[in-house]
Each structure stands twice: as structure tokens, then as C-alpha cells.
Amino acid sequence: MLERFVYVNDDETFHVAVVRPDAGAPIRAAGALGGLAEGERVRLLGQAVRHPKHGDQFRVEAAYPVTPATAEGIRAYLASGRVKGIGAGLAERLVDAFGAETLEVIESDAERLATVPGIGPKRGRELQGVFQAQKSQRDALVFLQGLGVTPGVAGRIWRRYGANAVTRVRENPYRLAEEVAGVGFATADNIARSLGFAPDSPERVGAALAHLLGRAGDDGHCFLPRDVLLQRAADLLGAGAAADDVLDGLLLEGRLIDDDGVYLRAVYGLEREAAARVQLLAQTPVAPLTADVAAFERVSGLTLAPAQRAAVERAAEATMMVLTGGPGTGKTTIVRALLHLLKQAGGPVLLAAPTGRAARRMAEATGQDAKTLHRLLEYNPAEGGFRRDEDEPLEATAVVVDEASMVDLQLFVALLRAVPAGTRLLLVGDADQLPSVGAGNVLADLLRSDAVPAVRLTEIFRQAQTSHIVVNAHRVLRGEQPLPPPDGVESDFYLVRARDPDEARDLIAQMVADRIPKAFGLDSVDDVQVLTPMHRGGCGAERLNEALQERLNPKGAPIDRGKRRFRVGDKVMQLKNDYEKEVFNGDLGRVKGRTEKGLLVDFDGRFCSYAGEELEHLVLAYACSVHKSQGSEYPAVVVPLLTEHWVMLQRNLLYTALTRARRLVVLVAQPRALRRAVQNVDGLRRFTGLARRLGE
2 MLERFVYVND DETFHVAVVR PDAGAPIRAA GALGGLAEGE RVRLLGQAVR
52 HPKHGDQFRV EAAYPVTPAT AEGIRAYLAS GRVKGIGAGL AERLVDAFGA
102 ETLEVIESDA ERLATVPGIG PKRGRELQGV FQAQKSQRDA LVFLQGLGVT
152 PGVAGRIWRR YGANAVTRVR ENPYRLAEEV AGVGFATADN IARSLGFAPD
202 SPERVGAALA HLLGRAGDDG HCFLPRDVLL QRAADLLGAG AAADDVLDGL
252 LLEGRLIDDD GVYLRAVYGL EREAAARVQL LAQTPVAPLT ADVAAFERVS
302 GLTLAPAQRA AVERAAEATM MVLTGGPGTG KTTIVRALLH LLKQAGGPVL
352 LAAPTGRAAR RMAEATGQDA KTLHRLLEYN PAEGGFRRDE DEPLEATAVV
402 VDEASMVDLQ LFVALLRAVP AGTRLLLVGD ADQLPSVGAG NVLADLLRSD
452 AVPAVRLTEI FRQAQTSHIV VNAHRVLRGE QPLPPPDGVE SDFYLVRARD
502 PDEARDLIAQ MVADRIPKAF GLDSVDDVQV LTPMHRGGCG AERLNEALQE
552 RLNPKGAPID RGKRRFRVGD KVMQLKNDYE KEVFNGDLGR VKGRTEKGLL
602 VDFDGRFCSY AGEELEHLVL AYACSVHKSQ GSEYPAVVVP LLTEHWVMLQ
652 RNLLYTALTR ARRLVVLVAQ PRALRRAVQN VDGLRRFTGL ARRLGE
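Going by the working numbering, the residue at position 164 of the sequence shown is 165; the numbering climbs one at a time, nothing skipped.
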């Protein structure tokens, strides 16, 4: 019997309960126990485990309610309050009247139910409705778990479809992959097989095509060529599941779109809208600014190079412009000069960047307030949209966006909707860095299209030429190996060889903890960031964080969350935008203490409490992926490059890692892996159509 719940998370997908077996002492059961109630007899499937903090537990893999069959069992079940409106007294009267038939009477015989003292016809119908709804849920959860669905997923399916859950799943289980959060194609496919769907059924093939296009979007593509999509479908579905005819049917229905490649309908609409809005904005004239560069030079004490001066003058005339260049090419100086001209002209100027750290860097570099794009556009997490759009546009004479290479297609369209005609838009970024995580390659497509004025800076200014970081970053862009300094010469760039992941991990821990702080006067935690190509593996972020936590913070008070262990003093990273806490994806903090239910984190002076599922939004951050570092800068960066990272080793990933550092880069590499990273440009191609549409 389920005696009581001791913990339920916010979305009711994880429970801890005290359960009393028919024989033996009570045990703690942990897992998804949705739909069950205290006082109810249950059947649990799973395994006994020992939790490092909470001791012996029963890890639940499936949970079923057991309907009581005896009068005494029914009396206890109803008296528990499981059925709304029935308490201990009424339970007694019902069982006295109907005995072992009580549950059948409640479910299907309102007339007999009404004869019980204190019920009557109206209340009888109400009790019957409540009981039937609860039974429907119980039956659905039992049905779904019988198909191999975990209790947590079964609960999400019930919340999505309610009383229609069983019907919807029987009709087409593949719809779950599109309509229920956390259910992917593989889960839906397993359910379908249990229900007897054929391997070549149109439902299966259609779901696979949509799944593959969605997965391509996760890899940054807006579409897939038809032959590529069909080949991937054949690989996923196996022989005998020809997808040609099903694809043609989906195209005919308009669920997918073929326009020099196969698109999901929503992505196709975004790409077309982006092209139309860019063309409209770029072609709307604005009054040119007075390009008084000399006045900026007097105020700032800087002297602009001819290329910088030309860029400022071009930006002064354009409604929309792209400014791109690598480290040391003077992008920030041009932005500062343009902001000076805009200030002289009058009117509000808005600055933004894709991430919180990038926005803070922008504010530091310009001396003006900068926001994340989501905050600028006033994102509403409850509704999943932006308040600022064409109906309520931004109020500004100009909008400047930094780190534009990180802006994906969906966010770009949201920005364009909020920028009214006649407002200047300047996009600043480094087109050679990693592109956005989401679908699209916006900055590169704008540069390829020639539809928008663009300035590409290539000259490295004298003050940057002394930096081996800058010089080697540009060598990598040209496909040349980075050069270490001569022996005995102090530098801001070092190359250390490693034989294997274990040696590399040990070297990195030693460098971060001892050698770099002693040689450069940097703090191991606050100033040094390890950037790795992958999360998994001997030198992935997970193993590196374990090693660095043990080296840098072995005595901090532990806080366990599943397989994760945080310690007071740990460096952590936020993985998800949290608008209530005002903490955003990629923000770094330090664990300052334990709370009753979790921990307290300091994000640059903003203290935030985390408990329950919120702890899933934090990871150790002594090491993080190169992708997670986009938009950030660190005093020192340590980068492992090993053959175990082979699939991720490409030129723009290495270039992005190098350009995250201000004072020091240390590459810990196997020579073969370093050569691969410099030479490999095969993974740079993204299937996007924005450049073509802008040229039409």
C-alpha cells in the first residue's frame, strides 16, 4: 500500500513515497507515481538501489493501481479520500449497501447509488462523473504503461489528451512525437510496434520524415535536399519502407514544402518572411547621418584607420548594414564611432546581443546599456512569444546587435518584426565563428546575398599584431597550423602535447589548479575556463568537471541531484533562460551555500535559490563546450583537442575557442587532432535558403 508521499516535484513527474509491502518493512519508492494516491494498493516494477545520500530505495520503472476486490479493501480505498466527495462516513454506508459490488455501482448505476442515505439523484450523478473520470485516467495510464511507456511519459500523454488519450494513441501513436513534450520518434515508434503498426505504414514513414527534418533543424539546417532526406529515411526506417510516395503525399497536403529542398512548413514560412522583411527594411530610406569622424576622434582620443573610417561612413548612409571581422580588426571602435554619430543626431539607440554575457561585454565596450535580444523584444515565457512586434515595435532610431553570428532564423525574424521601417539596424559579428545553435546561418547568408550593405574587416591593427592569440586565430582561418612560441619566450599562446585523454585531463587539471595561476597571477576558478569540443568522453566537459571539482574544490559541502554532485564554492553554469531569476543560458555563477531544499548561487552579485527540478538547469562549469562559450570572453582559456573529439573537430570550432581568450590560450592537443581541426571545413555547410531568397 502507498502510505504517503514525501516529495513531489513541481510538474509532478517525479515522486518519492513510503510504500508498505504485503510482507516486510516499509520502503521508499522513487520515480513517476502520477495518478496514484495515498492509501491505495499499488503494483510497482523496478529495482532496489542504494542512493548515496538517502540510502536504500526502490527505483520505480512502472507503477499500476490495484483495484480492491473485497469489501474491506473497497472500504479502505474510498475512505482514503481518493474519490472526491467520498469520505470515511459515506464509504462506510456505500460498502454496507453494496459490498463487493460498490465500485461497479458507483461507476454505472446512478439510480442504485441515489438510494444510499445522504446521496440522492443529483449527488449520485456527480459522484459517478468524478469516479468515471478517475477510472478513465487510471485505465489510460495502465494501457500506456502496458505499451512500455514510462509512468512520467504516460502522465504527459494523459495531460495532453485527457479522456481521449487511449483513442488518440490507438489511432496514430506517431502524433505523440509532434504533440507531446518529451516524446520523440523512437518512443512513438516503440508504442506503434506494440500496437501492431506495420514497419512501412504511411504513419510511420511520415513521422520519420518530420522527425528527420526536425533533427536537421537541431543541426542548424533549414531544409534537406530531397535525396538526402530520402536516404536518411531509408537508414532510419530500414528496407521496405519506401518514403517517396509518402513524401509526395505530405508535399501535396502542404504539411511539408519543396522549394529547392524539403522544409518543415513553419521553417519555410520563417525563411520567406525573413527575406521579405530584410528587403523592405534595407530599401526604406533614412536620412543620412553627418559622418563627422573627426569629432569622434577628438572626443575618444582614437585615430581611425582608412578602412574603419570608410565603414563608419557607409553605416551612416545605410538603413541596414552588416559589419564583420575577426579579433583585432577594430569592430568595437567602429561601433563606438557610429554610436557617437547617432547620439549627435538625437533619438534613442538600442543595443542588444543574443546572450547575457555578450550583452554585458557590449555594454562594457561601448559604455552604454545593452540587453539580451529576448529582453529587448520583451519575451513572455508564459505564452512563448515576444511582446515587441510589428503591432508594438521598438521605439528607436537605431538598433545595434552584437555577436550576430549567434542569431538563428527564428530570433532574427522576431527582431525584424519589431524593427519598424525607417529605423537603422546594424548587425555586428564574426562570420567565421560557429554559427547559431538553432536553424539558420543568418549572418553568413546576409553576407553572401549582397542584398544588404556589408563591411568585412581583414586588417589586424598594430596593437593586436603582438598577440599570438590573434595571429594564430587568423592562421587557423587561413588553414595554417597555429605556431607555439620559441622555447623560453613568454607568450599568450602555448601548445602542449598529450598522448591520450587521460594524460590530457591530468595536464589540464594541473595547469588550471597550479601552473597558470602561478605563472600569470590568474584565479583558477574565476579567470580560467576550459573549453572542450564535446560533453562526453575522457576529455569531455563531464569528466573534466569531475576532475577539476576534485582538484579545485574537494572539501565543499556536497549537494546531490541525481548523478550530479555540487559543492559549496563550485563554479556553475545556467542552462536555460529564467526570466523570473533574471539568469540566462550560459551565465556563470558560484555556489554560495545550501538551502533547505537545494542551493544558493551567486551570479555576479545576483543571488538565486535553486530547488527540485530547477537544479537540472545547473551544471558544473569549470569546463564547458565551445558552443556554450559563444558570446563570452575569459582571461584564460584551456582547450583540449583529441582524436576522441574527431566528429566535432572543425576549423570554426577551433577559431571560436581561440577567440574567447583575452590574455592566454593553452591548447592541449594530439597533433593529428589539431591538424584535423585546422583542415576540416566539411561540416561548415548548412542547408539554408535565405541568401537565395534575398537575391530573388
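Glycine included, C-beta positions come from ideal geometry on N, C-alpha and C.
Asked, Found
"Which residues in the same chain have their Cβ closer than 7 Å to the Cβ of V620, if we skip the five residues on either side of it in sequence?", "V573, M574 and L576"
"With contact counted as at least three CB pairs below 8 Å, one residue from each stretch, are the region 518–537 and the region 612–627 in contact?", "yes"
"Rank Q135, L142 and A397 by C-alpha distance to the C-alpha of A63 and give the top, closest one.", "L142"
"Run the CB neighbour count on D446, radius 10 Å, all protein chains shown included, and call it buried at 16 or more, exposed below.", "buried"
"For A235, which option in A474, D201, A189 and N578 has the closest C-alpha, if you only look at C-alpha atoms?", "D201"
"Within this structure, are the beta carbons of P502 and P641 separated by less than 9 Å?", "yes"
"Classify E491 as buried or exposed, calling it buried when 16 or more other Cβ atoms lie within 10 Å of its own Cβ.", "exposed"
"In whole angstroms, what separates the C-alpha of G696 from that of N173?", "42 Å"
"Where does K332 land, buried or exposed, given buried means 16+ other C-beta within 10 angstroms?", "buried"
"Could you tell me whether the region 279–291 touches the region 405–425, where touching means 3 or more Cβ pairs closer than 8 Å?", "yes"
"Just tell me which of L210, L484, T325 and R663 has its CA closest to the CA of L251.", "L210"
"Checking the sheet assignment: what are the DSSP bridge partners for C540?", "Note: C540 sits in no beta bridge, so no partner."
"Would you kindly report the start and end of the unbroken beta strand (DSSP E) that includes H475?", "From DSSP, H475 is part of no beta strand (DSSP E) but of the alpha helix (DSSP H) over H469 to L478."
"For the putative contact between V666 and I509, defined by C-beta atoms under 8 Å, what is the C-beta separation to the nearest angstrom?", "Not confirmed; about 13 Å, so no contact."
"In whole angstroms, what is the alpha-carbon distance linking A328 and V438?", "First, the amino acid is wrong: residue 328 is Pro here, not Ala. Whole-angstrom Cα-Cα distance: 21 Å."
"So which of E93, V154 and V456 has the shortest CA-CA distance to A33?", "V154"
"May I ask you to report which of helix, strand or coil DSSP gives T367?", "helix"
"Using beta-carbon positions only, say whether V679 and R661 come within less than 9 Å of one another.", "no"
"CA-CA distance, Q146 and A18?", "19 Å"
"Short check: CB of A296 to CB of V336, under 9 Å?", "no"
"Rounding to the nearest angstrom, what Cα-Cα distance links H222 and P518 in this structure?", "42 Å"
"For the region 496–569, list the beta strand (DSSP E) runs that are entirely contained and at least 3 residues long, ordered along the chain.", "529–533, 559–562 and 565–568"
"Just to confirm, are V184 and A178 a CB contact at a threshold of 9 Å?", "yes"
"Restricting to Cα atoms, I'd like to know which of L238, I192, L230 and S195 is closest to V206.", "L238"
"What residue range is occupied by the uninterrupted beta strand (DSSP E) comprising I28?", "I28 to G32"
"Look at M407 and G632 and say whether their C-beta atoms are less than 9 Å apart.", "yes"
"Report yes if the C-beta distance between G599 and E581 is below 9 Å; otherwise report no.", "no"
"The alpha helix (DSSP H) with R337 in it runs from where to where?", "K332 to A346"
"Should F688 be labelled buried (16 or more other beta-carbon atoms within 10 Å of its own) or exposed?", "buried"
"Look at P483 and N473 and say whether their C-beta atoms are less than 9 Å apart.", "yes"
"Can you confirm whether the region 587–601 touches the region 535–547 when touching is taken to mean that 3 or more C-beta pairs between the two stretches lie within less than 8 Å?", "no"
"In the DSSP assignment, what are the bridge partners of C609?", "V602"
"Grouping DSSP H, G and I as helix and E and B as strand, with all else coil, what is E62?", "strand"
"For Q129 versus I107, is the C-beta spacing smaller than 9 Å?", "yes"
"Return the residue from the list I560, L478, A505 and D515 that minimises the CA-CA distance to G539.", "A505"
"Classify L257 as helix, strand or coil using the three-state DSSP reduction.", "strand"
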